[in-house]
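Have a look at the structure below, then the notes.
Number of protein chains: 4
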Amino acid sequence: MARIVDRDAKRQKILEAASACFAREGYAATSMEAVAGAAGISKGSLYDYFKNKEDLFFGVFEWFQQLVMASAMARMGEYQGARERIMAFADASIGAMLDQLELYPVSLEVWAAAAKPGTRARFSGAMKDLYTSYRAELARLIQEAQAEGAIRDGIDVEATAGMLIGAVDNLALHYWLDRSFDPQAWCRSFLGSLFDGIGTETRKAQ
Amino acid sequence: MARIVDRDAKRQKILEAASACFAREGYAATSMEAVAGAAGISKGSLYDYFKNKEDLFFGVFEWFQQLVMASAMARMGEYQGARERIMAFADASIGAMLDQLELYPVSLEVWAAAAKPGTRARFSGAMKDLYTSYRAELARLIQEAQAEGAIRDGIDVEATAGMLIGAVDNLALHYWLDRSFDPQAWCRSFLGSLFDGIGTETRKAQ
Amino acid sequence: MARIVDRDAKRQKILEAASACFAREGYAATSMEAVAGAAGISKGSLYDYFKNKEDLFFGVFEWFQQLVMASAMARMGEYQGARERIMAFADASIGAMLDQLELYPVSLEVWAAAAKPGTRARFSGAMKDLYTSYRAELARLIQEAQAEGAIRDGIDVEATAGMLIGAVDNLALHYWLDRSFDPQAWCRSFLGSLFDGIGTETRKAQ
Amino acid sequence: MARIVDRDAKRQKILEAASACFAREGYAATSMEAVAGAAGISKGSLYDYFKNKEDLFFGVFEWFQQLVMASAMARMGEYQGARERIMAFADASIGAMLDQLELYPVSLEVWAAAAKPGTRARFSGAMKDLYTSYRAELARLIQEAQAEGAIRDGIDVEATAGMLIGAVDNLALHYWLDRSFDPQAWCRSFLGSLFDGIGTETRKAQ
DNA sequence: AATGAATGAGTCTTCATTCAT
DNA sequence: TATGAATGAAGACTCATTCAT
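Chains as they are written, first to last, in the numbering used here: chain A, 390 to 595; chain B, 390 to 595; chain C, 390 to 595; chain D, 390 to 595.
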């Protein structure tokens, strides 16, 4: 048992070391030796835990996605109203991203990996699942809000959820490039507009 | 004069060949020799046009961004109402992306390049400029709509433009991963919701 | 411990292989692969011992200079009179050069490296040190001879040492180009002339 | 006729440009394009004058050696006494070298070329001839001095001339590495010692 | 279980040389 | 005669992966 705990702890240490390396230098420029050194082990041992570089990178991706998800969930906490829960969902996602901003480049590398032939299948599958689950979670919140009467019927829930997830996801990229705005404020403001509408014409009866 | 025309045409041919290679195999896995071969020239000549691989990649990025921009502008055409113009802007952006979908992986590689130390300065600067100009264009459309009375005052124009750009941008990534939805439809539906509001509460008087 | 011995032995083997290659083909025409092959190792291992080609070449230079120096010292042996010690110094230097004649081209490459911008600092510095120490050693011998009364006062010791070192050093170049004379004989004869003077005028009283 | 004069002048211009490049960057690091550019002509034209890079380098060598020789001869001027003529010969050689110090690295490259297999035959032959003629000239001066009674008989004229040529030749290398001494002063002082002898023992009657 | 020495395939890049114009 | 675009051979160097100890 202790063995397994040790092994898990070591694997964890490797993932943290590797994610820092990948984030700092990029996937291609990170050598297995550098990761091993950062994790305080030897190259040979690294291969006991991950059978090759791609596996290690995938491991980092999985760990990172769990990290962000867990961080987001932890931030959501308890909210009463439907509108507040949706706001909290967005807040939490952005907050989690900001918490791990220095690891953000890993996400960009993952996206690139999802498009390359060698890694496409594995990475694009996992990413698709990730987005699907995010979208489903948000769609669920919207439907709850509809049930509570806070959001009107007649909207395309899937489309709304998908577009919102995209907007929030891309916020990180914009913020990585340009720190001159406040992501949380943008998001809250945008959600407010979405709820209230930005148009001036009278909404047709539903 | 003929020289210059030839040179430009050749440069163009190289960019097209290179973008196809980068999109198909990824940046790291694309060799200069492969690009030269695809462009029908020799490796040596390739270096007469681009001083190194990074320069070639940056050239591809610039060309691709102009391509998308031009394609989007061409699609915007003429629209009368403000709401229609904004809708057309989004439609055009998505249409341009769909037109070049097989080159989409290049964008992902560019994003990754914007985060890697060696290429960060150059690529992140260019990307930041690109997003800034997109955001400015959309903000301008929104302000026109406000002037026309089609969009109410009191909204955060910058935030709205930024979030919308992000949503549209990320749509491509989602669509690359998952072809099960219609990006244009999602976007139109979402914009409709944004104009009309998705909430049921009476909007406070502005 | 065995590790270190092995490592030193291997480094030594590489230096010998490399010096033979550089001497036979010249620096530019010698590939790292050829050196690795000659040393019986792989290209990759070569880079474990020398971080690049210039480093390898500098290593060869250092090794070669130690070799010649050691060989010269070993040949000097024990001589009683000052005049004999100086003669022995020259003899030993020439003998060492003749012992390693097939490696002589390496010296010529080193000289060229001392003039090229990329390698100038490192190589010219080391060569300057080498000549300085040779000159100092010879100057010391001359001063001993003066103390013993075998060489008269009033001569420029530095200039004499410097010029003699140069004459002996250049002998190798001449001999490399033209094997029609006996370097040892030339040198002994010349030293004899230097001691006794070649002029016919009566030397002024000191 | 004018054609030929033009051609010679152009060839001359190329040689000067090339020697400057070779001296500044070294043979390997100098590209034919750089030489063409420095000479104000195109790469293609360069090949009309020299059939390849080695030929160009050999041309530079020949030109440089004539330059030094001519410069030395011009400096020798007219001297009456034998001792003075020998001193003047050395002075002139050193002076010529100092006049062209910035081109000195070319000599080092030539020496290296004399040892490499590809260029050995051509360069070592030419250098051997050069040294032979220098040595012969100095030997002639010594014999004149013997005929005039200024230098005693019984010395090895060839050895003395060879060693002196070497000492003077190497002076340039030392001076290139270390500007802390005065080459002319060293040489004069050394020649003085050689004439008068540095030993204290009574010279045996000849 | 852990190590790190050894391997060699893979790639960018340079540049002497040619030749069509 | 002059040009410079085009070629492609050649080589330094890296690093994922293996395996003997």
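Backbone N, C-alpha and C fix where the C-beta goes; we use that ideal spot for every residue, glycine too.
Inclusion of Cys576(D) and Val546(D) in the CB contact set at 8 Å is not warranted, their separation being larger than that value. The C-beta of Phe478(B) comes no closer than 8 Å to any C-beta of chain A. Taking all protein chains in view, the Cβ of Ala407(D) is crowded by 16 or more other Cβ atoms within 10 Å, so the residue is classified as buried.
For the options Asp585(D), Arg524(D) and Leu583(D), the alpha carbon positioned closest to that of Leu560(C) is the one of Arg524(D).
DSSP places Ile475(A) in the helix class (H, G or I) of the three-state scheme. Restricted to the region 517 to 547 of chain D, not a single alpha helix (DSSP H) segment is unbroken, complete and at least 4 residues in length. The three-state reading of DSSP puts Gln489(B) in coil, since its state is none of H, G, I, E or B. By the Cβ-count criterion, Gly433(D) is exposed, with fewer than 16 other Cβ atoms from all chains shown falling within 10 Å of its own Cβ. By the CB criterion at 8 Å, Ala423(B) and Ile403(B) fall outside the cutoff. In the three-state scheme derived from DSSP, where H, G and I count as helix and E and B as strand, Gly470(B) is classed as coil.
Sequence-distant Cβ neighbours of Ser482(B) in its own chain, meaning closer than 7 Å and more than five residues away, are Ala461 and Val557.
Using beta-carbon distances, Lys505(B) counts as an interface residue toward chain A, with a partner under 8 Å. Judged by DSSP in its simplified three-state form, Arg568(B) adopts coil rather than helix or strand. Residue environment for Ser578(A): buried (at least 16 other C-beta atoms within 10 angstroms of its C-beta).
Within the region 446 to 467 of chain B, not one residue has a Cβ closer than 8 Å to any Cβ of chain A. Those residues of the region 512 to 523 of chain D placed with their C-beta closer than 8 Å to a C-beta in chain C are Ser513, Met516, Lys517, Tyr520 and Thr521, ordered along the chain. Relative to the Cα of Leu562(D), the nearest Cα in the group Asp397(C), Ala477(C), Met465(C) and Lys517(C) belongs to Lys517(C). In the DSSP assignment, Ser460(C) falls within the unbroken alpha helix (DSSP H) covering Lys442 to Met465. Taking C-beta separations shorter than 8 Å and ignoring five residues to either side along the sequence, the partners of Ser431(D) in its chain run Ala425, following chain order. Leaving aside the five residues that flank Arg472(A) on each side, the residues in its chain whose CB is nearer than 7 Å to its CB run, in chain order, Ala534, Ala539 and Phe584. What Cys410(B) touches in chain A, judged by beta-carbon distance under 7 Å, is nothing: the nearest beta carbon there is about 12 Å away.
Take Phe453(C), set aside five residues on each side of it, and the residues of its chain with a beta-carbon closer than 7 Å to its own are Ser408, Leu492 and Val495, in chain order.
In its chain, beyond the 5 residues on either side, Ala485 have a beta carbon closer than 6 Å to the beta carbon of Val457(D). Within 8 Å of the CB of Glu498(D), the CB atoms of chain C belong to Ala501 and Ala504, in sequence order along the chain. Listed along chain C is no residue with a C-beta nearer than 8 Å to that of Ser420(D); the closest approach is about 14 Å. DSSP, reduced to helix, strand and coil, places Ile554(C) within a helical segment of the structure shown. Listed in chain order, the non-local C-beta contacts of Gly448(C) below 7 Å within the same chain comprise Leu404 and Phe439, local neighbours out to five positions each way being set aside. A Cβ-Cβ contact shorter than 8 Å links Leu530(A) with Arg474(A). Leu566(C) is positioned such that its CB atom lies closer than 8 Å to that of Tyr520(D). The C-beta of Ala398(B) has fewer than 16 other C-beta atoms within 10 Å across all chains shown, which makes the residue exposed. With 16 or more other Cβ atoms from the protein chains shown falling within 10 Å of its own Cβ, Gly415(A) counts as buried. The three-state reading of DSSP puts Phe512(D) in helix, counting H, G and I together. Following the DSSP letters along the chain, one finds Ser434(C) inside the alpha helix (DSSP H) bounded by residues Lys432 to Tyr438.
In the DSSP annotation of this structure, the continuous segment of the alpha helix (DSSP H) that includes Ala428(A) starts and ends at Met421 to Ala428. Each of Glu537(B), Leu580(B), Thr549(B) and Gly551(B) was checked against the Cα of Gln469(B), and the nearest Cα belongs to Glu537(B).
Using a Cβ-Cβ cut-off of 7 Å, Asn441(D) is close to nothing in chain C; its nearest Cβ partner there is about 15 Å away.
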